[in-house]
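S.K.: Numbering-wise (this note's numbering), the sequence shown opens with residue 64 and increments by one.
C-beta: ideal position from N, C-alpha, C; glycine also.
Please read all numbers here as calculations on a predicted model, not as lab measurements.
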Amino acid sequence: MRLQRDVMPFQIASVRKFCAAHALKLYDGSMEPVHGHNWRVQVRVSADKLDAIGVVMDFHELEHLIDQLVVPWHNRHLNECPPFTTELNPTAENVAFHIGRSLKLPSGVTLLSVEVWETDENSALFEL
64 MRLQRDVMPF QIASVRKFCA AHALKLYDGS MEPVHGHNWR VQVRVSADKL DAIGVVMDFH
124 ELEHLIDQLV VPWHNRHLNE CPPFTTELNP TAENVAFHIG RSLKLPSGVT LLSVEVWETD
184 ENSALFEL
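(1) For residue 155, count neighbouring Cβ atoms within 10 angstroms of its own Cβ and tell me buried if that reaches 16, exposed if not.
(2) First and last residue of the alpha helix (DSSP H) that includes residue 122?
(3) How long is the line joining the alpha carbons of residue 190 and residue 169, rounded to whole angstroms?
(4) Does the contact criterion of 3 or more C-beta pairs under 8 Å hold for the region 134 to 154 versus the region 114 to 123?
(5) Assess, as a yes-or-no matter, whether the region 160 to 176 is touched by the region 88 to 101 under the definition of 3 or more beta carbon pairs within less than 8 Å.
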């Protein structure tokens with residue numbers, strides 16, 4: 064089977080981890096107790112064509128772009144970190160949304176999704 068390299072869509076994903084605490088504002092307006100998580104973030108991107116060396120983008124570059132957003136949160140209280148210092152509740156959904164809207168990807172690379180795990184069992188997915 065021959066694949067047409069210039070028309071086949073390609074995807075890659077990178078996972079980054081950070082530790083941070085948060086306290087969510089609950090439906091009744093109260094705050095839940097501060098607690099921590101070992102967060103895991105997966106960013107999935109795509110391109111219609113591979114670049115000159117045969118990749119969607121360099122994995123290390125994607126890792127660096129994600130790290131620019133999550134490293135400032137490492138070992139911190141998310142409620143005290145932008146963008147969660149205002150009314151934005153630091154939910155897994157809002158963490159995924161913020162990362163997805165803030166990533167600055169190279170030309171020709173498209174964000175597909177950001178998935179954020181608070182635990183091994185619970186995640187939130189932001190898809191475009």
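M.R.: Based on what the coordinates show:
(1) For the purposes of this step, residue 155 is taken as residue 92 along the sequence shown, with counting starting at 1. Counting Cβ neighbours within 10 Å, residue 155 comes out buried, since at least 16 surround it.
(2) Locating residue 122 in the sequence shown gives position 59, where the first residue counts as 1. Segment 122 to 133, the alpha helix (DSSP H) holding residue 122.
(3) Indexing the sequence shown from 1 puts residue 190 at position 127. Indexing the sequence shown from 1 puts residue 169 at position 106. Those two C-alpha atoms are separated by around 18 Å.
(4) no
(5) no
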